[in-house]
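Student:
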Amino acid sequence: MIGWGLKEGDRPSPLEWLGLIVAFGAFIWLVSPGLSAPDPFAAALMALSGFAWGIYSLRGRGLPDPLKATADNFLRSVAFVAALVGLVFILQMPMHASSRGLLLAVVSGAVTSGLGYALWYRVLRQIGATQGAIVQLTVPVIAATGGTLLLGEDWTLRLIVSSLLILGGVALAITAKQRRI
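As numbered in the numbering used here, the sequence shown has no gaps in its residue numbers, which increase by one up to the final residue, 322.
#1: Counting Cβ pairs, one atom from each stretch, are 3 or more of them under 8 Å apart for the stretch 293-303 and the stretch 244-251?
#2: Taking 8 Å as the threshold (C-beta atoms), are A210 and G310 in contact?
#3: Using a Cβ-Cβ cutoff of less than 6 Å, which residues in the same chain neighbour I143 once the five nearest sequence positions on both sides are dropped?
#4: Can you tell me where the alpha helix (DSSP H) with V252 in it begins and where it stops?
#5: Output yes or no for whether 8 Å exceeds the beta carbon distance between Y258 and L199.
#6: Please state if the CB of L305 and the CB of L330 are separated by a distance shorter than 8 Å.
#7: If you run the structure through DSSP and keep just helix, strand and coil, what is E157?
#8: Any contact between the stretch 185-205 and the stretch 258-268? By contact I mean 3 or more CB pairs, one from each, below 8 Å.
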């Protein structure tokens, strides 16, 4: 998204670049190998997901009705989910899911994601691609905080410091952009 923003003529100030570098560096530190870092394969999948989200965001931003397009994409994805569930049953793979768990998964996947997309596309049109990319760096902090609060995962010094650096870098980049406008 930053590359796209540069291509489209957005020229971040030195303070915006500093904020981005601090936030991205802290993100790399957060997911780098170590005793309390995520599995490298999981980190690579997270990076791939972020890249795909950036492309999806840029494509959606240019659509006349990005929410309708997202709703259509959600509906089309049901066929893939049904095929995956069918495969699980055909292969008789062990699956432990309660009806409450399945309901929460559907609500999380459809309802809250839909609301998230609605908010994201509304904000993205106002802040642009570069700022959108910078704001996306808060997602791992939000997910990690959710993991600690909702799932009882441990707060580690690495998580706390890297999260503060990410949020600080994002705040620096956003405030620098506001001064530039």
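Backbone N, C-alpha and C define an ideal beta-carbon position, used for all residues, glycine too.
Tutor: So, from the listed chains and residues:
#1: no
#2: no
#3: T271 and A274
#4: Looking at the DSSP string, V252 is not in any alpha helix (DSSP H), and its letter there is neither H nor E.
#5: no
#6: This structure gives no information on residue 330, because the portion of the chain shown stretches from 142 to 322.
#7: helix
#8: yes
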